[in-house]
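Participant: The listed protein sequences correspond, in order, to chains E and G.
The first sequence maps to residues 1 to 144 in the working numbering.
The second sequence maps to residues 1001 to 1144 in the working numbering.
Questions regarding the structure given below will be posed in turn.
2 protein chains.
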Amino acid sequence: MVAGLVRSAFLVDAVYADSAREYGLTQQQGQLLCVLMPQPYGMSELGATLGLAKSSLTGLVDRSERNGLVQRKPDPHDSRAVRVALTRRGAKLADEFYTETCRRIEELTAEFAPEERAALAALLARVVADNKVPSVFMEPDLPR
Amino acid sequence: MVAGLVRSAFLVDAVYADSAREYGLTQQQGQLLCVLMPQPYGMSELGATLGLAKSSLTGLVDRSERNGLVQRKPDPHDSRAVRVALTRRGAKLADEFYTETCRRIEELTAEFAPEERAALAALLARVVADNKVPSVFMEPDLPR
DNA sequence: GTAACAAATTCGCAGGACGAACTACTGCTT
DNA sequence: AAGCAGTAGTTCGTCCTGCGAATTTGTTAC
């Protein structure tokens, strides 16, 4: 079981990284875009969600901002804070990247029967729930 | 299902990285040690197994060698090639790290019933098999 | 024996991650 | 109201990762 979890994680990672690369993103930038899809976040929140130190985030957001994918906006209620949001271009790219990545991940279970896929989904959902994984890759309300 | 796979991969990654860190390793160095546990490899084989470019590997092995964890030995049959093997210290550390990491990964399904755990293991094994994942984290013949 | 190929390394570059130190602001407490 | 503890983010320095292109050395096939 351990080996299965580790190796499938490895696999998913590779797929994710490949997909990101084809959209001109790194894995981390892709992750950032996906997290920001539903709504903007503050830097600290982002750090908690992505499991990164504050200082690591500054750089990641800097680079993504430089590439015109995200934008820092002042927080209206706290002048120290900042809200990081997708730009229009960032939103478009996030959407495309997200869709394509989902497609590829789905392909990993191409040979599965529908009920197997469902069983796997249910078990993984429990793992995720039991361990309070932050929403790094939201359930979309938007199959397309 | 996609979200489950991605998020559990994220989770496993975080656990892996944490565990590595506590042993003074990076995730990649930990991965390298685990791959080398059963036997030595050549650089190219390692690259294929870990999904890294040759040039990335040189550095990783350099750093691990500098830390006294692995060792380059000449390949008896091909004087261009090199066999990368664990040092004694590397083997000991690999063993400890591997054991502890397994323990932590297992804990992720702490609340599972035995048959659920088995079901998950079987499904993940299929994902791994269907997609030809290299042996980055071998089934141990050695539960201890 | 030479031409094609293969195994590694080197180099330069950019991204990623961290901790420690710092700035600027908030919000308490008294 | 003044002062102070705590919080949000950034900066800095350091090391690790990862890649491609170019290079060196050795192998093998012809």
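All residues carry an ideal CB built from backbone N, CA and C; glycine is no exception.
I'd like to confirm the pairing. Which residues does DSSP put opposite G/V1070 in its beta bridges?
Facilitator: As a first step, residue 1070 of chain G must be located in the second sequence, where it is residue number 70. Beta-bridge pairing links G/V1070 to G/L1086.
Participant: Need the endpoints of the alpha helix (DSSP H) that G/G1030 sits in, please.
Facilitator: Reading the second sequence from its first residue, position 30 is the one you call residue 1030 of chain G. Looking at the DSSP string, the run of the alpha helix (DSSP H) that includes G/G1030 is Q1027 to L1036.
Participant: Measure from the alpha carbon of E/D18 to the alpha carbon of each residue in E/A129, E/D130, E/R117 and E/F97, then state which is nearest.
Facilitator: Locating residue 18 of chain E in the first sequence gives position 18, counting from the first residue. Looking at the Cα atoms, E/F97 is the closest of the given residues.
Participant: Comparing C-alpha positions only, which one of E/A121, E/V35 and E/L52 sits nearest to E/V70?
Facilitator: Here residue 70 of chain E corresponds to residue number 70 of the first sequence, with the count starting at 1. Out of E/A121, E/V35 and E/L52, E/V35 has the C-alpha closest to the C-alpha of E/V70.
Participant: Nearest chain E C-beta to G/V1035 closer than 8 Å, yes or no?
Facilitator: Position 35 of the second sequence, counted from the start, is the residue given in the question as residue 1035 of chain G. Chain E, which has no Cβ nearer than 8 Å to the Cβ of G/V1035, makes this no.
Participant: Using DSSP with H/G/I as helix, E/B as strand and the rest coil, what is G/G1051?
Facilitator: Here the question's residue 1051 of chain G lines up with position 51 in the second sequence. Coil.
Participant: Can you name the residues of chain E whose CB is closer than 7 Å to the CB of G/G1051?
Facilitator: Taking the second sequence and counting its residues from 1, one reaches residue 1051 of chain G at position 51. Within chain E, the residues near G/G1051 are A14.
Participant: Output yes if chain G places a C-beta closer than 8 Å to the C-beta of E/E106; else output no.
Facilitator: As a position in the first sequence, residue 106 of chain E is number 106, starting the count at 1. Interface residue, yes.
Participant: Within 10 angstroms of its Cβ, does G/G1030 collect 16 or more other Cβ (buried), or is it exposed?
Facilitator: Taking the second sequence and counting its residues from 1, one reaches residue 1030 of chain G at position 30. By the neighbour-count rule (16 or more Cβ atoms within 10 Å), G/G1030 is buried.
Participant: G/R1103 and G/V1015 - do their beta-carbons sit closer together than 8 Å?
Facilitator: As a first step, residue 1015 of chain G is located in the second sequence; it is residue number 15 there, counting from the start. As a first step, residue 1103 of chain G is located in the second sequence; it is residue number 103 there, counting from the start. Cβ distance not < 8 Å, so G/V1015 and G/R1103 don't count as in contact.
Participant: With distance defined between alpha-carbon atoms, name the residue in E/E65, E/A110, E/T101 and E/A121 nearest to E/R89.
Facilitator: If you number the first sequence from 1, residue 89 of chain E lands on position 89. When only C-alpha atoms are compared, the closest one is E/E65.
Participant: Leaving aside the five residues before and after E/A53 along the sequence, list all residues of the same chain whose C-beta is less than 7 Å from its C-beta, in chain order.
Facilitator: Position 53 of the first sequence, counting from 1, holds the residue named residue 53 of chain E. Closer than 7 Å at Cβ, skipping near neighbours: G47.
Participant: In chain order, what residues of the same chain have a beta carbon less than 7 Å from the beta carbon of G/D1141, not counting five sequence neighbours either side?
Facilitator: Stepping through the second sequence from its first residue, residue 1141 of chain G is reached at position 141. Here the model assigns G/D1141 a pLDDT of 33, short of 50, so the residue's position is not dependable, and the following value carries that caveat. Correct list: empty, nothing qualifies.
Participant: Can you tell me whether G/A1081 is helix, strand or coil according to DSSP?
Facilitator: Within the second sequence, residue 1081 of chain G is the residue found at index 81, counting from 1. In the structure shown, G/A1081 sits in a strand (DSSP, three-state: E or B).
Participant: Going along chain G, which residues have a C-beta under 7 Å from E/E116?
Facilitator: Here residue 116 of chain E refers to the residue found at position 116 when the first sequence is read from its first residue. Going along chain G in sequence order, the residues near E/E116 (Cβ under 7 Å) are L1123.
Participant: In the region 89-100 of chain E, which residues sit with their C-beta less than 7 Å from some C-beta in chain G, listed in chain order?
Facilitator: Listed by position, the residues of the region 89-100 of chain E near chain G (Cβ gap below 7 Å) amount to none.
Participant: Return the chain-ordered list of same chain residues with a C-beta closer than 7 Å to the C-beta of E/A85, the five sequence neighbours on each side being excluded.
Facilitator: Counted from its first residue, the first sequence places residue 85 of chain E at position 85. Result list for E/A85: L36, P40, V70, Q71 and K73, in chain order.
Participant: Looking at the C-beta of G/G1068, does it have a partner C-beta in chain E at a distance below 8 Å?
Facilitator: As a first step, residue 1068 of chain G is located in the second sequence; it is residue number 68 there, counting from the start. Not one chain E Cβ lies under 8 Å of G/G1068.
Participant: Report the residues of the region 1056-1087 of chain G with a CB closer than 8 Å to any CB of chain E, ordered along the chain.
Facilitator: Correct list: empty, as no residue qualifies.
Participant: Between E/V12 and G/A1009, is the Cβ-Cβ spacing less than 8 Å?
Facilitator: Position 12 of the first sequence, counted from the first residue, corresponds to residue 12 of chain E. Position 9 of the second sequence, counted from the first residue, corresponds to residue 1009 of chain G. Contact: yes.
Participant: According to the neighbour-count rule (16 or more other Cβ atoms, all chains shown, within 10 Å of its Cβ), is G/G1024 buried or exposed?
Facilitator: Mapped onto the second sequence, residue 1024 of chain G falls at position 24. So G/G1024 counts as exposed.
Participant: Please classify G/G1152: does DSSP put it in a helix, a strand, or coil?
Facilitator: Since the first residue of chain G shown is 1001 and the last is 1144, residue 1152 of chain G is not available in this structure.
Participant: Run through chain G and tell me which residues come within less than 8 Å of E/A119, C-beta to C-beta.
Facilitator: The residue you call residue 119 of chain E lines up with position 119 of the first sequence. Ordered by position in chain G, the residues that pass the 8 Å Cβ test against E/A119 are A1119 and L1123.
Participant: Would you check if the region 1126-1135 of chain G and the region 125-134 of chain E touch, i.e. whether three or more CB-CB distances between them fall below 8 Å?
Facilitator: In short, these stretches do not touch, since the Cβ pair count stays below three.
Participant: Any Cβ of chain G within less than 8 Å of the Cβ of E/L142?
Facilitator: Residue 142 of chain E sits at position 142 when you count from the first residue of the first sequence. Note that E/L142 scores 29 on pLDDT, short of 50, meaning its location in the model is unreliable; the coordinates nonetheless yield the value given after this. Judged by the 8 Å Cβ criterion, E/L142 is not in contact with chain G.
Participant: Mind listing the chain E neighbours of G/T1145? Cutoff is C-beta to C-beta under 8 Å, in chain order.
Facilitator: The displayed coordinates of chain G run from 1001 to 1144. Any statement about residue 1145 of chain G would go beyond what the structure contains.
Participant: Could you check whether the Cβ of G/G1004 sits closer than 8 Å to any Cβ belonging to chain E?
Facilitator: Taking the second sequence and counting its residues from 1, one reaches residue 1004 of chain G at position 4. Yes - at least one Cβ of chain E is within 8 Å of the one on G/G1004.
Participant: Tell me where the alpha helix (DSSP H) around G/V1128 begins and ends.
Facilitator: As a working note, residue 1128 of chain G is residue 128 in the second sequence. Element bounds for G/V1128: P1114 to D1130.
Participant: What residues in its chain sit with their C-beta under 8 Å from that of E/G68, if we drop five residues either side in the sequence?
Facilitator: As a position in the first sequence, residue 68 of chain E is number 68, starting the count at 1. Excluding sequence neighbours, E/G68 sits near T87, R89 and G90.
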